[in-house]
Amino acid sequence: MQLKMALAGNPNAGKTTLFNQLTGARQHVGNYPGITVDHKEGYLHYQGRKIIITDLPGTYSMTAYSAEELVARDYLVYNRPQVVINIVDASNLERNLYLTCQLLELGVPLVVALNMMDVAKDRGIEIRADILEKHLRVPVIPIIARSGFGKEDLLNAALRQAAEKNAWQPLDISYGDDLDTSLTELIARIDTTAFMTDTYHARYTAIKYLENDEQILEKGREIEPDTAQALEEIVTGITAHTKTTLDVYPEAIIADHRYGYIKSLLMQGVITRKFDSDRLYASDKIDKVLTNRLVGPAIMFLILFLLYKFTFGWSEAPVAWLEQGFGWLSNIVEQTLPDGALKSLIISGIIDGVGGVLGFVPLIMFMFFGIAILEDSGYLARVAFMMDRVFRIFGLHGSSVMPFIVSGGIAGGCAVPGVMAARTLRSPKERMATLLTVPLMNCGAKLPVLALLIGAFFSENKARYMFLFTMLAWVVALLAAKLLRSTVLRGAPTPFVMELPPYRFPTMRGLLIHTWERTYQYIKKAGTVILGISILLWALMTYPGLPEQTSADFAQRREAILSGNSPAIIPASTSAMESISEQAEQIDARLAALNNEEAEAALRNSIAGRMGTSLESLSQYAGFDWRTNIALVGGFAAKEVIVSTLGTAYSMGEVDVEESMSLGQRLQKDSHWNRIVAVAALVFIMFYSPCFVTVVCIAKESSWKWAFFSMGFNTIFAFLMAVAIFQIGTLLNLG
């Protein structure tokens, strides 16, 4: 028999950590609000039962003000889990119990999990779970989600609570004489007409009407307009009364009485503090330095630079090993298979295409490991806090910081969850400005391109250049946001308050899980999406091939080289043999040059080659040749494709199997590439149109009009920057 269980709680209360402990599922745990955008499911078998566990988004309230609150409440109401575990941060009990009260008012069968008991103990806070359980009338279980302490007790309590027949009993809190009278009137009207009673308890519906919950108001108007109007008239009357007599709205009175109820609970001997409540905790002491207005940003930039130093330093050798491995594999195929389309597909389409992307797996892995340390330690939330001051200057909201970071503010994120994370912004204009600018960050898909070009042309100090290009992405994104907020999205910024979680020592298990999660997604994408696109682009770069007459001309030239330089006699002396050996080397060189010329002609004549050549009349102003154009067009599908396409384009026609070169070495030796072209290409790739999946996500979160605007605006802006860099750099002879 299956049991449906849901996990609900505030952001940073340890909800998703408990989810991973219970299910072994690999839902990422981040130390900042809003990491879980949608609910996630996992399962476990316990005492002969299969338990389906749903991890709901972190939320502070059950009133549908944000997408997270809406998702969480809708799941509890419409899916009716048999038990809900409310994860509570024991070190911030008063604030966390506010959601507990709302869950009890909703009437869900509840078990309270007092998490972070170790943190509470370190802060000198002792909690009597038995007393709290007595007053709340639901099981209260102390746990430490990170270590698994209390897990068995929690599961046993959840099974007992799920078996209770009367578990769906709402909590009654007095909200004062005025509101209690109105509540009684509202409940009577709701019970009489059975108004939405199939979905909510009558008392809960009445409270939501007093709180002016827009979702429930709209639903009521749709279901029974007459009853809804009568309820709204009652609420209008009491609102006018409280506004006149107390100068407050009913929702403020309700919030005050909830906190009053919580304080009265805690005063019953639930909490004992060993230390002075004014003492500075360890996290507060560290924050005095790390979030200081002057010292904090300097430390942040230093940490970011050290992250890149660590990434490039530790990944250099493994990346070289992988490149050698793929080169060795190409040589094996070259020597084993006969010439033809299959051989070309495997070498140029798959090994040089997908291999070019997979070659950066060690770099990606070390980058994600470093980011996981920043996330799990709690430092990333401090970065968001400090960046809020900067964001206000550019017309953005503090809640925009996390979408920027998730999208690649520290290189290695993804614009898709960044775009989705923007839904937490309540101001439509700030939300739209965030949606349109987060794709400018250096996402994980751009990371292989950055690593390739920086490694090829700026190898003397890769970490420094990676840091500079990351800073450039921030500057450009913020300036673009300022432009949007000053023109098409003009409006005043809204206030921002953010919770800073305590600092924690990351566990090695957690770091490895988070690193593998993201690295696996990268490898999976390379083995599916990138492989498919690489094969498609290989076909576009292979067919239709050369015309018969052109192929015949090349064959004739090849025959002329061979017949015109064949030795007529067998040499009798050593000097004669050396002369013939030199002559053979010259023939091989001429044949290799001719073969490369033929391969380039075939590539130019292919569908992709014609496309790249047609764009060259425009792209030449930015320093891009037709091969680069092919890669950039492929990058519209996914940015990693740029590396695989360049690998394919620059490997087709390579005849010297004894001297296999990496893609970076090929670019270095190509006459069309130099440092100026590399910088122009980097800037263009960083800022031109988002990938296809991100464009679809922007359209889903806003409209296709804004999605197409993002594609057009970003591409034009990126191209103008690339042209300026190439032209000025060429003029100053900086290449």
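Numbering (this note's numbering), first residue to last: 181 to 915. Ideal Cβ placement from N, Cα and C applies to all residues, glycine included.
**Study point:** Ranges of the alpha helix (DSSP H) found wholly within the stretch 557-601, counting only runs of at least 4
**Key:** 559-573, 581-584 and 595-601
Review point. Is it buried or exposed for E402, if we count other Cβ within 10 angstroms and need 16 for buried?
Key: Position 222 of the sequence shown, counted from the first residue, corresponds to residue 402. Exposed, by the Cβ-count rule.
Practice item. Name the one or two DSSP bridge partners that G189 has. Key: Here residue 189 corresponds to residue number 9 of the sequence shown, with the count starting at 1. Beta-bridge pairing links G189 to I267.
Practice item. Check whether the stretch 846-865 touches the stretch 731-740, taking contact to mean three or more Cβ pairs, one atom from each stretch, closer than 8 angstroms. Key: no
Point to revise | Opening and closing residue of the alpha helix (DSSP H) in which L795 lies | key: For the purposes of this step, residue 795 is taken as residue 615 along the sequence shown, with counting starting at 1. Segment I787 to S799, the alpha helix (DSSP H) holding L795.
Review point. In terms of alpha-carbon separation, which member of Y868, F649 and R229 lies closest to F485?
Key: Residue 485 sits at position 305 when you count from the first residue of the sequence shown. Between F485 and the set Y868, F649 and R229, the nearest pair of CA atoms involves F649.
Review point. Are L256 and L286 closer than 8 angstroms when you measure CB to CB?
Key: For this step, residue 256 is matched to residue 76 along the sequence shown. For this step, residue 286 is matched to residue 106 along the sequence shown. It is a contact, given that the beta carbons lie within the stated cut-off.
Review point. Can you tell which of M376, A818 and Q201 has the C-alpha that lies nearest to the C-alpha of V876?
Key: In the sequence shown, counting from the first residue as 1, residue 876 sits at position 696. The shortest Cα separation from V876 among M376, A818 and Q201 belongs to A818.
Check your understanding: Hey, I265 and L187: beta-carbon distance below 8 angstroms or not?
Key -> Numbered from its first residue, the sequence shown carries residue 265 at position 85. Numbered from its first residue, the sequence shown carries residue 187 at position 7. Yes, they are a contact pair.
Check your understanding: To the nearest angstrom, how far is it from the Cα of Y380 to the Cα of I396?
Key -> Start at 1 with the first residue of the sequence shown, and residue 380 comes out as number 200. Start at 1 with the first residue of the sequence shown, and residue 396 comes out as number 216. Those two C-alpha atoms are separated by around 10 angstroms.
Review point. Taking the C-alpha atoms as reference points, what is the distance between I896 and N622?
Key: Here residue 896 refers to the residue found at position 716 of the sequence shown. Here residue 622 refers to the residue found at position 442 of the sequence shown. Put simply, the backbone Cα of I896 is about 18 angstroms away from that of N622.
Check your understanding: So what does DSSP say about K880, is it helix, strand or coil?
Key -> As a first step, residue 880 must be located in the sequence shown, where it is residue number 700. Helix.
Review point. Are there three or more Cβ pairs, one per stretch, closer than 8 angstroms when the stretch 504-515 is compared with the stretch 460-479?
Key: no
Practice item. Please check the pair T910 and I822, which I expect to be a contact at CB under 8 angstroms, by giving their CB distance rounded to whole angstroms. Key: Counting from 1 along the sequence shown, the entry for residue 910 is found at position 730. Counting from 1 along the sequence shown, the entry for residue 822 is found at position 642. With 8 angstroms as the limit, T910 and I822 do not qualify as a contact, their Cβ atoms being about 23 angstroms apart.
Review point. Which whole runs of the alpha helix (DSSP H) in the stretch 242-321 are 4 residues long or more, in chain order?
Key: 247-259, 273-286, 297-302 and 309-316
Exercise for review: Consult DSSP for I527 and reduce its assignment to one of helix, strand or coil.
Suggested key: Position 347 of the sequence shown, counted from the first residue, corresponds to residue 527. In this structure, I527 counts as helix in the three-state DSSP scheme.
Check your understanding: Residues in its own chain within less than 6 angstroms of S883 by CB, not counting five upstream and five downstream?
Key -> Within the sequence shown, residue 883 is the residue found at index 703, counting from 1. Hits under 6 angstroms: none found.
Review point. Using the C-alpha atoms, what's the distance from F574 back to A564?
Key: Here residue 564 refers to the residue found at position 384 when the sequence shown is read from its first residue. Here residue 574 refers to the residue found at position 394 when the sequence shown is read from its first residue. Roughly 15 angstroms between the two C-alpha positions.
Practice item. Please go through the same chain and pick out, in chain order, the residues whose beta-carbon is closer than 8 angstroms to the beta-carbon of E391, but skip the five residues on each side of it. Key: On the sequence shown, position 211 is the one that residue 391 refers to. Taken in chain order, the residues that qualify are T243, P430, E431 and I434.
Point to revise | Three-way DSSP call (helix, strand, coil) for L198 in this model | key: Indexing the sequence shown from 1 puts residue 198 at position 18. If DSSP states are grouped into helix, strand and coil, L198 belongs with the helices.
Exercise for review: Under 8 angstroms by Cβ, that's how I've got A338 and D269 pegged, so tell me the actual separation to the nearest angstrom.
Suggested key: In the sequence shown, the residue the question calls residue 338 occupies position 158. In the sequence shown, the residue the question calls residue 269 occupies position 89. Actually they do not touch by this definition, with Cβ atoms about 19 angstroms apart.
Practice item. Identify the continuous alpha helix (DSSP H) that holds L397 and give its terminal residues. Key: Reading the sequence shown from its first residue, position 217 is the one you call residue 397. Here the alpha helix (DSSP H) through L397 covers E394 to I403.
Review point. Per DSSP, I452 is paired with what?
Key: The residue labelled residue 452 in the question sits at position 272 within the sequence shown. Note that residue 452 is Thr in the sequence shown here, rather than Ile. DSSP, once it has assigned bridges, lists E306 as partnering T452.
Review point. With a CB to CB cut of under 7 angstroms and the five nearest residues on each side skipped, what residues in its chain are close to K489?
Key: Residue 489 sits at position 309 when you count from the first residue of the sequence shown. The residues are A643.
Review point. In three-state terms, what does DSSP make of F329?
Key: Here residue 329 refers to the residue found at position 149 when the sequence shown is read from its first residue. Strand, per DSSP.
Review point. Out of curiosity, what's the CA-to-CA distance linking G222 and N295?
Key: Working through the sequence shown from its first residue, we reach residue 222 at position 42. Working through the sequence shown from its first residue, we reach residue 295 at position 115. If I take the Cα positions, the gap works out to 20 angstroms.
**Study point:** First through last residue of the beta strand (DSSP E) which encompasses Y384
**Key:** One-based indexing of the sequence shown puts residue 384 at position 204. Unbroken run through Y384 is the alpha helix (DSSP H), A382 to L390; no beta strand (DSSP E).
**Study point:** With 16 other Cβ atoms within 10 Å as the buried cut-off, status of H225
**Key:** Here residue 225 refers to the residue found at position 45 of the sequence shown. Exposed.
Exercise for review: Ignore the nearest five residues each way along the sequence and tell me which others in S528's own chain have a CB closer than 7 angstroms to its CB.
Suggested key: If you number the sequence shown from 1, residue 528 lands on position 348. Same-chain partners within the cutoff: W718, T828, S831 and M832.
Point to revise | For S580 and E610, believed in contact at Cβ under 8 angstroms, the rounded distance | key: What you label residue 610 is simply residue 430 of the sequence shown in a count that begins at 1. What you label residue 580 is simply residue 400 of the sequence shown in a count that begins at 1. Going by Cβ atoms, the distance from E610 to S580 rounds to 7 angstroms, so yes, they are a contact pair.
Practice item. For P213, name the three-state secondary structure that DSSP assigns. Key: As a working note, residue 213 is residue 33 in the sequence shown. Because P213 carries a pLDDT of 40, less than 50, the predicted location of this residue cannot be relied on, and the following value inherits that uncertainty. Note: P213 maps to coil in three-state DSSP.
Exercise for review: Note down the Cα distance separating L659 from L652, rounded to an integer number of angstroms.
Suggested key: The sequence position of residue 659 within the sequence shown is 479, counting from 1. The sequence position of residue 652 within the sequence shown is 472, counting from 1. Approximately 11 angstroms between the Cα atoms of the pair.
Check your understanding: Would you call the stretch 788-804 and the stretch 687-706 in contact, with 3 or more CB pairs under 8 angstroms?
Key -> no
Point to revise | Spatial distance of F571 from I590 (CA atoms) | key: Walking along the sequence shown from the start, residue 571 turns up at place 391. Walking along the sequence shown from the start, residue 590 turns up at place 410. F571 and I590: Cα-Cα distance of roughly 16 angstroms.
**Study point:** Range of the contiguous beta strand (DSSP E) that encloses H852
**Key:** As a working note, residue 852 is residue 672 in the sequence shown. Looking at the DSSP string, H852 is not in any beta strand (DSSP E), and its letter there is neither H nor E.
Point to revise | Cβ shell of V711 (< 6 angstroms), same chain only, five flanking positions each side left out | key: As a first step, residue 711 must be located in the sequence shown, where it is residue number 531. In the sequence on display, residue 711 carries Leu and not Val. Counting only Cβ-Cβ distances below 6 angstroms, and skipping sequence neighbours, we find V534.
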